[in-house]
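Q: One structure is given below, represented as structure tokens, and several questions about it will come after.
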Amino acid sequence: DIDECSTNPCQHNCKNTAGSFRCSCREGYKVDPKDSTKCSDIDECTTNPCQQDCKNTAGSFKCSCKVGYKIDPKNSSKCLDINECTTNPCQQDCKNTAGSFKCSCGVGYKVDPKDSTKCLDIDECSTKPCQQNCKNTAGSFKCSCNVGYKVDPKDKTKCLDIDECTTKSCQQNCKNTAGSFQCSCKDGYKVDPKDKTKCLDIDECTTNPCQQNCKNTVGSFQCSCREGYKVDQKDSTKCL
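The C-terminal residue of the sequence shown carries number 240 in UniProt numbering, and the numbering is unbroken.
Next comes the structure, spelled out in structure tokens:
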């Protein structure tokens with residue numbers, strides 16, 4: 001028997017047989033149906049061996065994964081989701097999703113439309129949540145009130161009028177007003193122009209209320225008569 005294999009008639013493997021020989025191919029190849037001494041590459045990707053992407057190579061194939069996935073080290077034909085949140089890509093909160101991730105922001109912040117991994121402070125004052133004054137703060141806001149008002153302890157966005165009269169702001173009479181107060185004086189007194197919470201005694205004698213003699217007193221005045229006259233009982237400013 002002639003060993004035909006000695007002349008290397010086969011592209012890959014050769015097996016001598018009685019009176020002939022037979023060619024075979026290495027793994028990943030098949031015998032060419034047009035020439036049994038040749039081998040053709042098998043396109044393994046046609047059988048979908050990969051979970052995601054497949055690339056045929058000479059005598060084999062290679063699996064790869066889409067963005068957001070990685071090859072399973074225990075099975076190279078499978079893909080595992082990558083948990084992008086482990087690298088802290090988000091400024092605030094991160095949620096891993098299949099093949100990707102999603103950033104979100106805490107209360108008082110919103111996702112930056114120019115960069116979805118960043119957060120922008122929400123200016124709550126733009127919606128006018130406060131009854132009077134509003135100051136935007138990082139992630140929140142703070143209400144305050146005008147002079148004469150205080151923040152409502154039951155609702156921090158509201159303001160309550162302060163009753164200044166409870167602190168005895170006026171020397172004599174006090175009237176509470178919206179956001180303020182007004183002082184007034186009893187008869188015989190006038191408001192001090194230098195300090196509107198104080199009262200000054202009015203010197204009624206300057207207007208000559210008495211027919212004869214006048215004596216100013218605290219908050220009033222007293223008329224008297226010269227010798228030989230007496231105060232009129234019907235009108236104490238007159239003399240008889």
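A virtual CB, placed ideally from N, CA and C, is assigned to each residue, including glycine. Predicted, not measured: the structure shown is a model, and the values here were computed from it.
1) Measure the beta-carbon distance from ASP205 to ASN216 and round it to whole angstroms, keeping in mind my assumption that it falls under 8 Å.
2) Whose C-beta lies closer than 6 Å to the C-beta of ASN176 among residues of the same chain, with five residues either side of it excluded?
3) Out of CYS63, LYS34, CYS119, THR197, state which residue places its alpha-carbon closest to the alpha-carbon of GLN51.
4) Apart from the five residues just before and just after CYS199, which ones in its own chain have a Cβ nearer than 6 Å to its Cβ?
5) According to DSSP, which residues form a beta bridge with ILE71?
6) Less than 8 Å between the beta carbons of ASN75 and ASN83, yes or no?
7) Mapping the DSSP letters down to three states, classify SER6 as helix, strand or coil.
8) With DSSP collapsed to three states, give me the class of SER20.
9) How many angstroms separate the CA atom of GLU124 from the CA atom of ASP81?
10) Quick one: Cα of LYS142 to Cα of VAL151, how far?
11) When DSSP labels each residue in this structure, what does CYS125 get in the three-state scheme?
12) Quick one: Cα of VAL231 to Cα of GLN182, how far?
13) From what residue to what residue does the beta strand (DSSP E) around VAL218 run?
14) Taking 7 Å as the limit between beta carbons, can you name the residues of its chain near CYS210, skipping five residues before and five after?
15) Apart from the five residues on each side of it in sequence, which residues of its chain come closer than 8 Å, Cβ to Cβ, to TYR109?
16) Which residues does DSSP list as the beta-bridge partners of LEU160?
17) One question on the structure: do SER36 and TYR29 come within less than 8 Å of each other, judged by their Cβ atoms?
18) Does the distance from the C-beta atom of ASN136 to that of SER144 stay below 8 Å?
19) Ends of the beta strand (DSSP E) at LYS135?
20) Taking the alpha carbon of LYS59 as the reference point, which residue from ARG26, SER77, CYS90 has its own alpha carbon closest?
21) If you drop the 5 nearest sequence neighbours on each side, which residues of the same chain put their C-beta closer than 6 Å to that of CYS10?
22) Mind checking VAL191: buried by the 16 CB within 10 Å criterion, or exposed?
23) What do you reckon, are the CB atoms on GLY19 and ASP1 nearer than 8 Å?
A: Based on what the coordinates show:
1) Note that residue 205 is Cys in the sequence shown here, rather than Asp. At roughly 5 Å, the Cβ-Cβ gap stays under 8 Å, so CYS205 and ASN216 are in contact.
2) Spatial neighbours of ASN176 in its own chain (CB-CB distance under 6 Å, excluding positions within 5 residues in sequence) are listed in chain order as ASP163, CYS165.
3) The shortest C-alpha separation from GLN51 is found at CYS63.
4) Around CYS199: GLN171, GLN172, CYS185, TYR189.
5) In DSSP, ILE71 forms a bridge with CYS79.
6) Taking a C-beta distance under 8 Å as the contact criterion, ASN75 and ASN83 do not qualify as a contact pair.
7) The three-state reading of DSSP puts SER6 in helix, counting H, G and I together.
8) In the structure shown, SER20 sits in a strand (DSSP, three-state: E or B).
9) Put simply, the backbone Cα of GLU124 is about 38 Å away from that of ASP81.
10) Across the structure, LYS142 and VAL151 are spaced so that their CA atoms are roughly 11 Å apart.
11) In the structure shown, CYS125 sits in a helix (DSSP, three-state: H, G or I).
12) C-alpha separation (whole angstroms): 39 Å.
13) Taken as a continuous stretch (DSSP letters only), VAL218 belongs to no beta strand (DSSP E), as it is neither H nor E.
14) Result list for CYS210: CYS223, THR237, in chain order.
15) Around TYR109: GLN92, CYS119, LEU120, ASP121, ILE122, GLY139.
16) Per DSSP, the beta bridge partners of LEU160 are LYS150.
17) Cβ atoms of SER36 and TYR29: not closer than 8 Å.
18) Contact flag unset, no.
19) Taken as a continuous stretch (DSSP letters only), the beta strand (DSSP E) holding LYS135 covers 133 to 137.
20) Note that residue 59 corresponds to Gly in the displayed sequence, not to Lys. For the residues ARG26, SER77, CYS90, the minimum Cα distance to GLY59 belongs to ARG26.
21) The residues are CYS23, THR37.
22) Under this definition VAL191 is a buried residue.
23) Cβ distance < 8 Å, so GLY19 and ASP1 count as in contact.
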